[in-house]
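Encoded as structure tokens, the structure appears first; notes follow it.
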Amino acid sequence: MNMFLTLAYLFFIGSTLGWVAELLYRRFLSGANPERKWINPGFCVGPYVPLYGFGLCILYLLASLGERNGVDTVGEKLLLFAGMALSMTVIEYIAGIVSLKFMKIRLWDYSKQWGNIQGLICPAFSALWAAVSAVYYFCVHPYILDALDWLSRNLAFSFVIGYFFGVFTIDLVYSAKLLSRIRKFAAEHEVVIKVENLKAHIRQRQEERREKYSFLFAYRSRSELLEHLREAQETWEQRKHK
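Take my numbering: the last position of the sequence shown gets the number 1138, and nothing is skipped along the way.
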């Protein structure tokens, strides 16, 4: 099957399943969500997190490369998993540094984790990526191959993938406009905006004013985004000085 279609399909699967994983993690496990509320993860509106889409593509390519080169021994498999974990860590760092340096936003924060670098990557999560890589290789990759085989025999499904990327592109444009406004505010005030904290602030204000909360459109409110940014910044500054 065409490699472009294969990677597009994997990006579609990885982005959506990654969104589900992040959604459940933030709802039931995240210490940043003590109220245990449902939070739409990431900066996009729709049910996808691009980082996981790219991640699944990388895991698939490395696992396929390992199979072609006859990775059989325990040592070779451990080396493969280490390479996968390193690749995922690099992707995570690049995504984090781009959002931090160019967009002035922080999508996640590992600052409290030991050995972290700029709060974007840390040994604990790199080890987690290694474990995820092993699970992928032994438990997920065979099903991915079956799914790709099914897709090659049912190319009509590529219409669904095309529809996904159409919606995804529109979403990116919409989200980019929002992020550009956040970036402008952050640059003017010389701060970095933590996206999840901003979402939580907007939700709190909506609950106080008894406004209807939009799960997908987390930044939508009767108040202007700039007003929420100012209020949130004042709140964060007050907490710093306590």
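Virtual Cβ for every residue (Gly too), placed ideally from N, Cα, C.
Tell me which same chain residues have a C-beta within less than 6 Å of the C-beta of residue i, skipping the five on either side of it?
i            : result
residue 1003 : 995 and 1091
residue 976  : 962 and 967
residue 997  : none
residue 1015 : 1005, 1006 and 1007
residue 1108 : none
Quick one: Cα of residue i to Cα of residue j, how far?
i            : j            : result
residue 992  : residue 1087 : 16 Å
residue 1068 : residue 962  : 34 Å
residue 1157 : residue 1132 : It is not possible to answer for residue 1157, since the shown part of the chain is limited to 897 through 1138.
residue 921  : residue 1012 : 20 Å
residue 1064 : residue 956  : 22 Å
residue 898  : residue 1036 : 21 Å
residue 969  : residue 958  : 16 Å
residue 964  : residue 1057 : 28 Å
residue 1074 : residue 1017 : 26 Å
residue 869  : residue 943  : Past the boundaries of the shown model lies residue 869; the chain is included only from 897 to 1138, so the question cannot be answered.
residue 978  : residue 1008 : 24 Å
residue 1110 : residue 1123 : 18 Å
residue 928  : residue 1044 : 37 Å
residue 1061 : residue 973  : 34 Å
residue 1042 : residue 1048 : 10 Å
residue 1103 : residue 934  : 14 Å
residue 1059 : residue 1116 : 25 Å
residue 1038 : residue 1085 : 50 Å
What does a CB cutoff of less than 7 Å around residue i pick up in its chain, not counting 5 residues either side in sequence?
i            : result
residue 1113 : 941
residue 946  : 911
residue 937  : 915, 918, 919, 922 and 945
Give me, in chain order, the residues of the same chain whose beta-carbon lies closer than 8 Å to that of residue i; leave out the 5 immediate sequence neighbours on both sides.
i            : result
residue 953  : 903, 906, 907 and 910
residue 1000 : 1078, 1079, 1082, 1083, 1087, 1088 and 1089
residue 932  : 923 and 924
residue 1127 : 1097 and 1101
residue 1010 : 1018, 1019 and 1020
Pick helix, strand or coil for residue i, following the three-state DSSP scheme.
i            : result
residue 1140 : The structure shown has nothing for residue 1140, since the chain only spans 897 to 1138.
residue 1089 : strand
residue 1017 : strand
residue 1002 : strand
residue 900  : helix
residue 992  : helix
residue 947  : helix
residue 1067 : helix
residue 932  : coil
residue 940  : coil
residue 964  : helix
residue 1100 : helix
residue 1083 : helix
residue 1049 : helix
residue 1129 : helix
residue 1109 : coil
Identify which residue in the options has its Cα closest to the Cα of residue i.
i            : options                   : result
residue 948  : 958, 987 and 920          : 987
residue 1120 : 1098, 1046 and 1051       : 1098
residue 1125 : 1079, 1104 and 1110       : 1079
residue 901  : 916, 928, 974 and 1054    : 1054
residue 1129 : 1116, 1094 and 1104       : 1094
residue 1022 : 926, 927, 1109 and 989    : 989
residue 960  : 1034, 1116, 1060 and 1085 : 1034
residue 1071 : 935, 930 and 939          : 939
residue 853  : 1076, 1040 and 1059       : Residue 853 lies beyond the residue range present for the chain, which begins at 897 and ends at 1138; the question has no answer from this structure.
Is residue i near the ligand GDP - that is, is its Cβ less than 6 Å away from at least one heavy atom of it?
i           : result
residue 916 : The ligand GDP is not part of the structure shown, which contains no ligands of any sort.
Between residue i and chain B, is the shortest Cβ-Cβ distance under 7 Å, so that the two count as touching?
i            : result
residue 1071 : In summary, chain B is missing from the structure at hand, where a single protein chain is found.
Counting pairs of beta carbons, one from the stretch 1027-1034 and one from the stretch 969-984, are three or more of them closer than 8 Å?
yes
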